[in-house]
Amino acid sequence: MTQQFLVEPVAEHEYLVRTEAEGQTVECRFHVDPSVLEQLGVSTADEQRVVEQSAVFLAQRQPIIDFPWLVDLQDFVASYEDYPEELRRLLAS
1 MTQQFLVEPV AEHEYLVRTE AEGQTVECRF HVDPSVLEQL GVSTADEQRV
51 VEQSAVFLAQ RQPIIDFPWL VDLQDFVASY EDYPEELRRL LAS
């Protein structure tokens, strides 16, 4: 089962992501640079959905309890070679 994330906009291109893990509420902030969305080929996608699916992607690779407080999608591009393709797949599902 895919982890459920609550994504709330808090500022322009910034989102608070909240979920439960190991009996705790986990929160982190995601920053979305529009140029990164263009680089990923998803510039027309809803930013909030991109953040949600990026959180799903990250949860498949590390424990949610270990999510950093601040997440920048540019870091995903730099750290995960499969992120662009996997993000497009997640957005299409």
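Per UniProt numbering, the very first residue in the sequence shown carries number 1; after that it's consecutive.
The beta carbon of each residue, even a glycine, is placed where N, CA and C say it ideally should be.
Of the residues Leu73, Glu20 and Pro68, the one placed nearest His13, counting alpha carbons only: Leu73
Does the Cβ-Cβ distance between Leu87 and Phe67 come in under 8 Å? no
From Glu81, Glu85, Cys28 and Phe76, pick the residue whose C-alpha is nearest to that of Ile65; which is it? Cys28
Pair within 8 Å by beta-carbon distance, Leu6 and His31: no
Could you check whether Thr19 and Arg3 sit closer than 8 Å to each other, using their CB atoms as the reference points? Reading off the sequence, residue 3 comes out as Gln, not Arg. Yes, the Cβ-Cβ distance between Gln3 and Thr19 is below 8 Å.
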